[in-house]
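The number in my numbering is simply the position in the sequence shown, starting from 1, with 748 added.
Yeah, the Cβ is synthetic: ideal placement off N, Cα and C, and Gly gets one too.
For clarity, every value in this text was computed on a predicted model and none was experimentally measured.
Below is one structure, written out as structure tokens, with a few remarks after it.
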Amino acid sequence: MSTITLALYNESFERKLSDFHLPEDQLQFTSLPLDKIHNPTISPDTRHIVILSDDTPVGYFALEKGEKLRKYSTNPQARLLTSFSIDARHQGRGIAKNGLNQLPGFIRENLPETNEVVLGVNKRNQPAINLYLKTGFIDEDEVYVGPKGPQHILHLKI
């Protein structure tokens with residue numbers, strides 16, 4: 749069984765992430781890692797996180813602050829989790845759940861000023877909703893209507 753860990757993105761992961769695959773039905777809800785990492789409009793204090801399987805990047809998400817966060821939370825110590833994805837060739841192995849279960853410890857170690865993670869998950873994306881709820885996120889019955897439709901706002905206290 750492979751070892752799953754979280755790591756802050758650095759350029760050594762670029763080549764592997766350039767070969768990241770997502771099916772079309774998932775791309776409607778997220779973006780490819782390098783598209784997000786190289787997006788010039790993203791908040792400069794965004795932290796890009798890779799999910800590693802035995803030191804190989806197989807997943808990605810961003811932890812954002814700034815204007816985008818304020819659409820989901822008024823907590824100045826929160827981070828917004830966006831663009832969560834697992835490479836299609838590695839899905840179905842528990843990697844997403846394992847990575848998300850490590851999130852509180854990772855944040856305490858790397859972003860100690862953060863006391864909450866919030867995210868918006870499209871109401872049509874039931875597999876993602878189930879995953880987040882299984883890994884400690886709480887649905888407080890808040891909805892944000894985003895560009896891709898209504899989203900549940902979920903909270904994870906750190």
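### Inter-residue spacing [alpha-carbon to alpha-carbon] between D802 and P860
On the sequence shown, residue 802 is found 54 positions in, with the first residue counted as 1. On the sequence shown, residue 860 is found 112 positions in, with the first residue counted as 1. Straight across, the Cα-Cα distance linking D802 with P860 is about 26 Å.
- request: Can you give me the Cβ contacts of F777 inside the same chain, cut-off strictly under 6 Å, excluding the 5 residues immediately before and after it?
  value: The sequence position of residue 777 within the sequence shown is 29, counting from 1. Same-chain partners within the cutoff: N870 and N873.
Hey, A826 and V865 are a contact pair by Cβ (cut 8 Å); roughly how many whole angstroms apart? Against the sequence shown, residue 826 aligns to sequence position 78. Against the sequence shown, residue 865 aligns to sequence position 117. A826 to V865, Cβ: 7 Å. Contact.
Checklist entry - Under 8 Å, do S791 and E759 count as touching if we go by C-beta distance? => result Taking the first residue of the sequence shown as position 1, residue 791 is located at position 43. Taking the first residue of the sequence shown as position 1, residue 759 is located at position 11. No, Cβ-Cβ distance for S791 and E759 is not below 8 Å.
* Asked: For the candidate residues S833, D783 and K905, whose alpha-carbon lies nearest to that of F885?
  -> Taking the first residue of the sequence shown as position 1, residue 885 is located at position 137. Ranking the options by Cα distance to F885, first place goes to K905.
Notebook entry, point to check: So, Y757 versus V806, is the Cβ gap smaller than 8 Å?
Noted result: Your numbering for residue 757 matches position 9 in the sequence shown. Your numbering for residue 806 matches position 58 in the sequence shown. Contact flag unset, no.
Exercise. Is D722 buried or exposed, if buried means 16 or more other CB atoms sit within 10 Å of its CB?
Worked result: Since the displayed the chain opens at 749 and closes at 906, residue 722 lies outside it and no answer follows.
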